[in-house]
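A.B. asks:
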Amino acid sequence: MAVKQPVLTPPHGGETVTSSGGSTHEIKVESSQTGGEYGTVLWTVRAGEEPPLHTHSHEDELLFVVEGQLIARVGDARIEVGQGAYAALPRGVPHTIEVVGDQAILLLSFVPGGLERFLVPRKGEQLDPAAFGLTFP
Numbered sequence: 016m017a018v019k020q021p022v023l024t025p026p027h028g029g030e031t032v033t034s035s036g037g038s039t040h041e042i043k044v045e046s047s048q049t050g051g052e053y054g055t056v057l058w059t060v061r062a063g064e065e066p067p068l069h070t071h072s073h074e075d076e077l078l079f080v081v082e083g084q085l086i087a088r089v090g091d092a093r094i095e096v097g098q099g100a101y102a103a104l105p106r107g108v109p110h111t112i113e114v115v116g117d118q119a120i121l122l123l124s125f126v127p128g129g130l131e132r133f134l135v136p137r138k139g140e141q142l143d144p145a146a147f148g149l150t151f152p
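Numbering (this note's numbering), first residue to last: 16 to 152.
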C-alpha cells in the first residue's frame, strides 16, 4: 500500500459536492493520498438520483451500505440489499442501484483510484465520463 501518512477525514470533513436533488458525494480518501492505489467516497444518494446502468473499464468498485435499502443490479441479477451489505464489483461488469425509500448512504472505494474526481470534480471542471473509462450500455 502506498499510504505514507495516516489519512483521517472527520465527519463532513472531505471535499463535497451536492446535486440539485440533495444527493452528496464526499471524498474520504483521495487517490493522491494513496499513491493512486485507491480512492474512497461517501455517497448519500436520494431516490431518483441513482446512476444509469454503467460499466467501469479502469477500476474495480467496492461498495458498503452504511444506511438504507437498495436494489442492486449487477449484470443480469437484481439483488435486494440493506445496511451492512458489501459488494466487490470487478471492472467490466454493468451495474447500478435503485434506492428503496428516500435515500441510502454508501461508502464507495475505487481500485485503482481516480474515479473519485469524476464524482467530486474540482471547481469549474467539466468532465467526460469516457475519459474515466465509464460507459453506459
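Each residue gets a CB set at the ideal place from its N, CA and C atoms; glycine is no exception.
Computed from a prediction, not measured in an experiment: that's the story for all the values here.
For Phe133, report the span of its alpha helix (DSSP H) as first-last.
C.D. replies: Residues 131-134.
A.B. asks: Identify the continuous beta strand (DSSP E) that holds Ala92 and give its terminal residues.
C.D. replies: Ala92 -> beta strand (DSSP E) spans 92-97.
A.B. asks: Shortest alpha-carbon distance to Ala103 belongs to which of Gln48, Ala62, Arg88?
C.D. replies: Cα-wise, what sits closest to Ala103 is Arg88.
A.B. asks: Write down the C-beta distance between Val56 and His40 rounded to the nearest angstrom, noting that I regard them as a contact closer than 8 Å.
C.D. replies: Contact holds; Cβ gap of about 5 Å.
A.B. asks: Using beta-carbon positions only, say whether Ser35 and Val60 come within less than 8 Å of one another.
C.D. replies: Contact flag unset, no.
A.B. asks: Beta strand (DSSP E) containing Thr33: first to last residue?
C.D. replies: From DSSP, the beta strand (DSSP E) with Thr33 extends over 31-33.
A.B. asks: Under 6 Å Cβ to Cβ from Phe79, same chain only, skipping five residues before and after it: list those, please.
C.D. replies: Excluding positions up to five away in sequence, the list reads Tyr101, Leu122.
A.B. asks: Throw me the rounded Cβ distance for the Gly90 and Pro109 pair, which I believe falls under 8 Å.
C.D. replies: At roughly 6 Å, the Cβ-Cβ gap stays under 8 Å, so Gly90 and Pro109 are in contact.
A.B. asks: Round the Cβ separation of Gly148 and His71 to the nearest angstrom and send it over; I've been treating them as touching at under 8 Å.
C.D. replies: With 8 Å as the limit, Gly148 and His71 qualify as a contact, their Cβ atoms being about 6 Å apart.
A.B. asks: When you compare each of Thr49, Ala119, Thr31, Gly28 to Glu64 by their alpha carbons, which one comes out closest?
C.D. replies: Closest option to Glu64, Cα to Cα, is Ala119.
A.B. asks: Rounded to the nearest angstrom, what separates Val114 and Lys19 at their Cα positions?
C.D. replies: Roughly 37 Å between the two C-alpha positions.
A.B. asks: Which class does Phe151 belong to by DSSP, given the choice of helix, strand or coil?
C.D. replies: In this structure, Phe151 counts as coil in the three-state DSSP scheme.
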